[in-house]
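Participant: Sharing a structure, written as structure tokens. Questions coming.
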Amino acid sequence: MPAQILDGKGMANKIRAEIKDEVELFVKETNIQPALAVVLVGENPASQVYVRNKESACAQTGMKSIMFRLPEETTNEKLLTLIDTLNADTSVHGILVQLPLPEGIDEKKILDAIVPEKDVDAFHPENVGLISQGRPRFLPCTPYGIQQLLIRYNLETKGKHVVIIGRSDIVGKPMGMLFLQKGLGGDATVTICHSRTTNLAEITKQADILVAGIGKAKFVTADMVKPGAIVVDVGINRIEKEIVDEKGEKKIVSQLVGDVDFESVKEVAGWITPVPGGVGPLTVTMLLQNTLNGARGQTAK
Ligand SMILES: NC(=O)c1ccc[n+]([C@@H]2O[C@H](COP(=O)([O-])OP(=O)(O)OC[C@H]3O[C@@H](n4cnc5c(N)ncnc54)[C@H](OP(=O)(O)O)[C@@H]3O)[C@@H](O)[C@H]2O)c1
0 MPAQILDGKG
10 MANKIRAEIK
20 DEVELFVKET
30 NIQPALAVVL
40 VGENPASQVY
50 VRNKESACAQ
60 TGMKSIMFRL
70 PEETTNEKLL
80 TLIDTLNADT
90 SVHGILVQLP
100 LPEGIDEKKI
110 LDAIVPEKDV
120 DAFHPENVGL
130 ISQGRPRFLP
140 CTPYGIQQLL
150 IRYNLETKGK
160 HVVIIGRSDI
170 VGKPMGMLFL
180 QKGLGGDATV
190 TICHSRTTNL
200 AEITKQADIL
210 VAGIGKAKFV
220 TADMVKPGAI
230 VVDVGINRIE
240 KEIVDEKGEK
250 KIVSQLVGDV
260 DFESVKEVAG
270 WITPVPGGVG
280 PLTVTMLLQN
290 TLNGARGQTA
300 K
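Next up, the structure:
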């Protein structure tokens with residue numbers, strides 16, 4: 000029987016509706032509209048799309064988004080000055096710097112400059128430390144979204160073997176930390192794999208829950224997956240595909256695919272997230288949740 004679909008898009012819409020209600024209540028109680036500052040440097044086309052999605056998601060939930068579009072040649076100093084201004088601005092509750100930043104910009108220095116209370120991506124070392132100690136201020140958006148998806152589908156993580164492919168600071172490492180936490184959506188046994196892992200397929204085949212965050216199109220194939228496993232595809236890859244159009248002519252079109260070979264893996268897995276419509280919409284949704292939580296935290300002071 001083919002795998003059941005974990006509908007990230009549908010779940011994201013459900014969570015956004017909840018956030019919208021929470022925002023409405025918060026505004027009523029405090030007269031403050033939660034606001035997210037989004038900083039985009041340069042012309043990266045994928046980043047432009049991501050930033051537009053974040054803007055419209057803010058609008059959808061009654062939050063304010065404040066856009067800062069800076070030219071490719073922006074200096075570290077200029078960007079740090081903007082971050083300082085946003086840090087000090089009490090009407091801004093979350094600051095997001097869209098990655099990747101152009102070459103020449105010191106990414107770590109910029110991200111570290113965001114005050115931890117407004118670091119809605121949870122990249123600041125203080126926030127990463129709090130997560131690793133199990134007392135998070137913010138949860139990193141992509142792992143947070145994946146955890147919520149499993150919780151809300153009533154898929155148990157306690158005692159399960161989770162295998163994560165990828166050890167990045169954005170996906171793999173924080174995902175591992177969330178699954179390790181005590182309590183709902185955690186209590187799992189976690190293995191993190193990467194490009195130096197030997198016998199990768201032997202390890203992934205032991206996974207009750209397999210998370211792929213690699214950045215390589217259709218990397219995970221059916222022979223790497225245990226029958227019945229939950230497969231979460233974080234990858235977003237654009238590939239070129241040849242099709243035959245209605246006039247019978249061959250055409251090259253671009254297509255969005257994940258790190259999992261969906262067509263073959265769905266025949267083996269028990270549950271699977273699609274791409275698009277899986278993890279992506281949840282990531283943006285948890286950014287909204289973090290912004291609301293940031294506004295709550297800053298207003299309570
Ligand atoms: N859906 C979303 O919301 C969302 C959010 C963030 C990222 N993404 C997508 O998720 C993917 C991963 O993103 P990222 O930022 O984590 O990427 P990244 O920083 O490039 O990390 C990729 C990881 O995959 C590992 N890897 C590469 N080749 C491998 C191989 N042959 N075998 C095993 N491991 C291998 C790398 O290992 P090494 O460390 O050894 O190099 C690295 O740890 C990308 O497609 C990205 O676009 C999606």
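The opening position of the sequence shown corresponds to residue 0 in numbering that gives the first Met the number 0, with each subsequent residue numbered one higher. The C-beta atom is built at its ideal place from N, Cα and C for all residues, glycine as well.
Is the beta carbon of residue 234 within less than 7 Å of some heavy atom of ligand 1?
Facilitator: Yes, the beta carbon of residue 234 sits closer than 7 Å to at least one heavy atom of ligand 1.
Participant: Residue 100 to residue 40, Cα distance in whole Å?
Facilitator: Those two C-alpha atoms are separated by around 6 Å.
Participant: Three-state secondary structure (DSSP) at residue 183?
Facilitator: Coil at residue 183, not helix or strand.
Participant: Please tell me whether residue 187 and residue 199 are closer than 8 Å, where the distance is taken between their beta carbons.
Facilitator: Contact: no.
Participant: Using three-state DSSP, classify residue 250 as helix, strand or coil.
Facilitator: Looking at residue 250 - three-state DSSP - the assignment turns out to be strand.
Participant: Are at least three pairs of beta-carbons, each pair with one atom in the stretch 78 to 96 and one in the stretch 108 to 124, less than 8 Å apart?
Facilitator: Yes: the two stretches touch, three or more of their Cβ pairs being nearer than 8 Å.
Participant: Is it right to say residue 253 is buried, meaning 16 or more other beta carbons lie within 10 angstroms of its own, or is it exposed?
Facilitator: When all chains shown are included, residue 253 counts as exposed.
Participant: In its own chain, which residues sit with a C-beta less than 6 Å from the C-beta of residue 157, not counting the 5 before and 5 after it?
Facilitator: 186, listed in sequence order.
Participant: What is the DSSP secondary structure of residue 232, reduced to helix, strand or coil?
Facilitator: It is a strand residue.
Participant: For the stretch 202 to 218 against the stretch 160 to 171, do three or more pairs of beta-carbon atoms, one drawn from each stretch, fall closer than 8 Å, so that the two count as touching?
Facilitator: At 8 Å Cβ cutoff, the stretches touch.
Participant: Report whether the distance from the Cβ of residue 264 to the nearest heavy atom of ligand 1 is below 7 Å.
Facilitator: Checking the Cβ of residue 264 against ligand 1 gives no.
Participant: Can you give me the start and stop residues for the alpha helix (DSSP H) that residue 67 sits inside?
Facilitator: Segment 63 to 69 is the beta strand (DSSP E) holding residue 67; no alpha helix (DSSP H) there.
Participant: Which residue from 274, 284, 29, 266 puts its Cα closest to that of residue 0?
Facilitator: Of 274, 284, 29, 266, the residue nearest in Cα terms is 266.
Participant: For the beta strand (DSSP E) that residue 93 lies in, which residues bound it at each end?
Facilitator: Per DSSP, residue 93 belongs to the beta strand (DSSP E) from 93 to 96.
Participant: Return the CA-CA distance between residue 155 and residue 194, expressed in angstroms with no decimal places.
Facilitator: Between residue 155 and residue 194, the C-alpha separation is close to 28 Å.
Participant: Excluding sequence positions up to five away, which residues of its chain have a Cβ less than 6 Å from the Cβ of residue 294?
Facilitator: The answer, listed in chain order, is 33, 92.
Participant: Check whether the Cβ atoms of residue 285 and residue 147 sit closer than 8 Å, and answer yes or no.
Facilitator: Yes, Cβ-Cβ distance for residue 285 and residue 147 is below 8 Å.
Participant: Quick test of the definition: if touching needs 3 or more C-beta pairs under 8 Å, does the stretch 16 to 27 touch the stretch 269 to 279?
Facilitator: As far as the Cβ criterion goes, the stretch 16 to 27 does not touch the stretch 269 to 279, which means the pair count is below three.
Participant: Tell me which residue opens and which closes the alpha helix (DSSP H) that residue 287 is part of.
Facilitator: Where residue 287 is concerned, the enclosing alpha helix (DSSP H) stretches over 278 to 298.
Participant: Between the alpha carbons of residue 218 and residue 238, how many angstroms are there, rounded?
Facilitator: Those two C-alpha atoms are separated by around 13 Å.
Participant: Roughly how many angstroms lie between the CA atoms of residue 2 and residue 222, to the nearest whole one?
Facilitator: Distance between the alpha carbons of residue 2 and residue 222 is about 15 Å.
Participant: Below 7 Å, is the gap between the Cβ of residue 272 and the nearest heavy atom of ligand 1?
Facilitator: It does not: the Cβ of residue 272 is nowhere closer than 7 Å to a heavy atom of ligand 1.
Participant: For residue 183, I'd like the list of residues in its chain whose CB is within less than 7 Å of its CB, leaving aside the five on either flank, ordered along the chain.
Facilitator: Taken in chain order, the residues that qualify are 150.
Participant: Using the rule of at least 16 other Cβ atoms within 10 Å of the residue's Cβ for burial, across every protein chain shown, is residue 66 buried or exposed?
Facilitator: Exposed is the call here.
Participant: If you follow the beta strand (DSSP E) that residue 268 is in, where does it begin and where does it stop?
Facilitator: No beta strand (DSSP E) holds residue 268; DSSP gives it neither H nor E.
Participant: Based on Cα-Cα distance, which residue from 226, 43, 89 lies nearest to residue 68?
Facilitator: Cα-wise, what sits closest to residue 68 is 43.
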